[in-house]
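Colleague: Residue numbers (the working numbering): 142 to 290. All C-beta atoms, glycine included, are put in the ideal place defined by N, C-alpha and C. Dumping the structure here so I can ask a few things about it.
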């Protein structure tokens, strides 16, 4: 969706899968908190997660700077998950665990609902239904971005 609504040099993942854009804490009123506390990110602290994160959370604008993208997501959104999210390492471990270990893999969930990353328009209700079915009734928070091209 990011590449579909933004001009080049955006690069879809080569293996056509839905990827993580971020893990954002959410307030019940619908607004997403950001920049909650001054923090810095050191990619060396999560070296053991880089291989998995490179696949599930790529920077679609600059494949040479995945760590920079992850850092910006941590500094803008991740820090706002405190105290549930203890630190940057826990933030990225949570993403990997949700996507891989806990099977909250959006590509897999949507594929089971016959929704593939093919660039086709999909009804919002179909997407919601597939995600709810694949997550035992959890309600996703979807944000749409209008394509102005």
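Please state the DSSP three-state secondary structure of residue 273.
Modeller: Helix, per DSSP.
Colleague: Taking 7 angstroms as the threshold (C-beta atoms), are residue 199 and residue 172 in contact?
Modeller: No; because the gap between Cβ atoms is not below 7 angstroms, this pair is not in contact.
Colleague: At the level of alpha carbons, what is the spacing between residue 262 and residue 256?
Modeller: Going by the C-alpha atoms only, they are around 10 angstroms apart.
Colleague: Can you tell me whether residue 275 is buried or exposed, with buried defined as 16 or more other CB within 10 angstroms of its CB?
Modeller: With 16 or more Cβ atoms within 10 Å of its Cβ, residue 275 is classed as buried.
Colleague: What's the gap between the Cα of residue 233 and the Cα of residue 264?
Modeller: Using only the alpha carbons, I get a separation of about 31 angstroms.
Colleague: Quick one: what does DSSP say residue 191 is sitting in, helix, strand or coil?
Modeller: Helix, per DSSP.
Colleague: In its own chain, which residues sit with a C-beta less than 6 angstroms from the C-beta of residue 184, not counting the 5 before and 5 after it?
Modeller: Hits under 6 angstroms: 208.
Colleague: Can you tell which of 217, 228, 193 and 206 has its C-alpha closest to the C-alpha of residue 174?
Modeller: Of the listed residues, the one whose Cα sits closest to residue 174 is 217.
Colleague: Rounded to a whole number of angstroms, what is the C-alpha to C-alpha distance between residue 158 and residue 187?
Modeller: Cα to Cα, residue 158 sits roughly 23 angstroms from residue 187.
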